[in-house]
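Colleague:
Numbering (this note's numbering), first residue to last: 357 to 571.
#1: Which residue marks the beginning of the beta strand (DSSP E) containing residue 365, and which one marks its end?
#2: Grab me the residues of residue 452's own chain with a C-beta within less than 7 Å of its C-beta, minus the 5 sequence neighbours each way, in chain order.
#3: At what residues does the beta strand (DSSP E) containing residue 447 begin and finish?
#4: Please state whether the Cβ-Cβ distance between residue 517 and residue 530 is less than 8 Å.
#5: Which word fits residue 512, buried or exposed, when buried means at least 16 other C-beta atoms lie within 10 angstroms of its C-beta?
#6: I'd like the span of the beta strand (DSSP E) that includes residue 384, first residue to last.
#7: Excluding the 5 residues preceding and the 5 following residue 391 in the sequence, name in chain order all residues of the same chain whose CB lies nearer than 8 Å to its CB.
#8: Would you list the residues sitting across from residue 373 in a DSSP beta bridge?
#9: With C-beta atoms as the reference, is residue 464 less than 8 Å away from residue 458?
#10: Taking the DSSP output, what are the residues bridged to residue 508?
#11: What span of residues does the alpha helix (DSSP H) with residue 551 cover, start to end?
#12: Give me the Cα-Cα distance between residue 406 and residue 506, rounded to the nearest whole angstrom.
#13: Please name the residue or residues paired with residue 428 in a DSSP beta bridge.
#14: Out of curiosity, what's the CA-to-CA distance linking residue 476 and residue 409?
#15: Hey, is the segment 483-496 in contact with the segment 546-557, meaning 3+ C-beta pairs nearer than 8 Å?
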């Protein structure tokens, strides 16, 4: 059972912040992974905390093919001629409940660099028992007016990107809440991964929670 949670906010050409939180929400360590040595830096953190749960703010994987189903007008409809076919089920769920605005995952050839870094991070952590995709913008929405969810921070590593580091912290908090049974994993009806949330979706839309091809 893990009692450490590591949030990573994935960037393109800038350093990626990470934050290590304890079960009590105390910041154990924070720092920045170099985009030029991302796998090496990530490996060093993973080796230092072998049983920690990871929270990664990036898509887990690219689309293997364009998305064929769209949620419109309260129902699933087939992709239209002008639809780009981007996005995974988990992102559709987040958008349909107005928790955040996803940056829709494309095919790997069309993926921006930060998403490619995210794919590589998930691949590198594939052997870990606990490695989750998080969405800090959705977490901020869900944790509004929830004062009991908190963390104790120091600011030693905030200066290079305060908002980015805060997103890493919120990612770690999200996974802590999820593993404690207070959150929810949504999506994966298309087999392309869940997004983990710090609280269950309020007033869930039953139809969008179920992927049409899995019904």
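We treat Cβ as the ideally placed atom computed from N, Cα and C, and that holds for glycine.
Modeller: Once the coordinates are examined:
#1: Start and end: 360-365.
#2: Non-local beta-carbon contacts of residue 452 in its own chain, meaning distances under 7 Å to residues more than five positions away in sequence, involve 427, 561 and 564 in chain order.
#3: That residue, residue 447, is in no beta strand (DSSP E); its alpha helix (DSSP H) goes 445-452.
#4: At least 8 Å separates the beta-carbon of residue 517 from that of residue 530.
#5: Flag for residue 512 reads exposed.
#6: First-last of the beta strand (DSSP E) with residue 384: 383-389.
#7: The beta carbon of residue 391 is closer than 8 Å to those of 367, 368, 369, 370, 371, 372 and 473 in its chain, skipping five residues each way along the sequence.
#8: Per DSSP, 388.
#9: The answer is no: Cβ separation not under 8 Å.
#10: 382.
#11: If you look at residue 551, you'll find it isn't in any alpha helix (DSSP H); it sits in the beta strand (DSSP E) that goes 550-553.
#12: Going by the C-alpha atoms only, they are around 24 Å apart.
#13: According to the DSSP secondary-structure assignment, residue 428 is paired through a beta bridge with 431.
#14: Between residue 476 and residue 409, the C-alpha separation is close to 17 Å.
#15: Yes: the two stretches touch, three or more of their Cβ pairs being nearer than 8 Å.
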